[in-house]
Amino acid sequence: MNGEEDYLKTLSKDGANIKNILTYIKSIDKLTENDPINNFHKIKKDMIGIEKTLNQSRLDGFIKEGIEQHLQPIKEKIPEWEDSVHKSFGLKLEESLRQSGFELEGHYPNLKVLLYTLEVNLENNTVAIWFGPLQEKLKTCKLVPEDIVEKLKDIHNKNTQQRYDDKTFSSYLYEAYKIASYRNKLKIGDQVKIRDILSEFAFLIQDITFKTNPVKNRYKDYGSVFFAYDLYRLKERNIENHEINMITATRAFTARRADFLWIPSNEKGDGNYISHIKFREL
5 MNGEEDYLKT LSKDGANIKN ILTYIKSIDK LTENDPINNF HKIKKDMIGI EKTLNQSRLD
65 GFIKEGIEQH LQPIKEKIPE WEDSVHKSFG LKLEESLRQS GFELEGHYPN LKVLLYTLEV
125 NLENNTVAIW FGPLQEKLKT CKLVPEDIVE KLKDIHNKNT QQRYDDKTFS SYLYEAYKIA
185 SYRNKLKIGD QVKIRDILSE FAFLIQDITF KTNPVKNRYK DYGSVFFAYD LYRLKERNIE
245 NHEINMITAT RAFTARRADF LWIPSNEKGD GNYISHIKFR EL
């Protein structure tokens, strides 16, 4: 009885595999005939699907060979189509960015726009937007130039147009440094981990409504990207007879992202990895 059940299960599974293979073949043929460049991602996905299904099936070797021969010309075209997709996407993205006042730099898979890196993944048809050189992932979106530009504009406006006052920022920064120094049993003038200072800073800047009742909906969002950008635009280096020094991360402190922050040095995407901050007495 068990043998018969196994036999029927195998037949049923192979029947489903054959149906899926036929669906894949029809889809691939239609997509390649109509517009292989714009349909490239779907073609590649279907090719992966049919190869996986063929490997799972128990089809006769002659049939498998026939299917593979049918698909071979398409396989040979994929590198050419992929190159065309790269070029087409790059040109459209560059034009969309230019119309919004942005300039595109770099090479696939990592493109640069101002303070951001666009990590292009053609396999998944996605683009990840990072702050700095792949430091903080901000957003993932589809490989659609217009959508990418809109999301990038929103991100950049949010980062650069937040309320900022140099003296207020430096005052909070020094206070956060002193608190972090105390918690880590360090003294003023010692180097303190930048992430520890960020934790204290994010609490200090909260409104009185949060401090009196610290619930989630009263919390003012302030993360590492905001902090990094504010440190970049900080002009006031001296406070209470102390000067701020940002310490460049050594190799030991760049092994884990939690041990440093990338701080821009200009709007073109150059910057430094900072692991500690200290306030030196003048």
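Residue numbers (our numbering): 5 to 286. Cβ coordinates follow ideal geometry from the N, Cα and C atoms, glycine included. Only a predicted model underlies this, so the values are computations on that prediction, with no experimental measurement involved.
Cα-Cα separation, residue i to residue j
i           : j           : result
residue 147 : residue 29  : 25 Å
residue 214 : residue 123 : 37 Å
residue 138 : residue 115 : 11 Å
residue 234 : residue 222 : 22 Å
residue 107 : residue 67  : 52 Å
residue 231 : residue 95  : 33 Å
residue 23  : residue 45  : 22 Å
residue 243 : residue 133 : 36 Å
residue 187 : residue 174 : 20 Å
residue 211 : residue 160 : 24 Å
residue 1   : residue 171 : The chain is shown only over 5 to 286; residue 1 falls outside these bounds and no answer can be derived.
residue 87  : residue 47  : 15 Å
residue 179 : residue 240 : 15 Å
Contact set for residue i: own chain, Cβ-Cβ below 7 Å, skip 5 residues either direction
i           : result
residue 284 : 193, 246, 247, 249
residue 226 : 206, 209
residue 278 : 198, 250, 251, 252, 253, 264, 265, 267
residue 184 : 196, 200, 201, 204
Status (buried if at least 16 other CB within 10 Å, exposed otherwise) for residue i
i           : result
residue 121 : buried
residue 229 : buried
residue 73  : exposed
residue 281 : buried
residue 7   : In this prediction, residue 7 has a pLDDT of 49, which is less than 50 and means its spatial position is unreliable; what the coordinates show is noted afterwards. The residue in question, residue 7, is exposed, as its Cβ has fewer than 16 Cβ neighbours within 10 Å.
residue 112 : exposed
Boundaries of the beta strand (DSSP E) in which residue i is found, first to last residue
i           : result
residue 102 : Run containing residue 102: none in the beta strand (DSSP E); it sits in the alpha helix (DSSP H), 65-103.
residue 344 : Nothing in the structure corresponds to residue 344, since the chain is present only between 5 and 286.
residue 46  : Unbroken run through residue 46 is the alpha helix (DSSP H), 44-60; no beta strand (DSSP E).
residue 281 : 275-285
Close-in-space but distant-in-sequence residues of the same chain around residue i (CB under 6 Å, 5 per side omitted)
i           : result
residue 167 : none
Checklist entry - Should the segment 100-109 be regarded as contacting the segment 57-77, the criterion being three or more beta carbon pairs within less than 8 Å? => result Pairwise C-beta distances place the segment 100-109 out of contact with the segment 57-77, as fewer than three of them are shorter than 8 Å.
Item to check | Cβ contact (3+ pairs, closer than 8 Å) linking the segment 217-226 and the segment 153-161 | outcome: No: the two stretches stay apart, fewer than three of their Cβ pairs being nearer than 8 Å.
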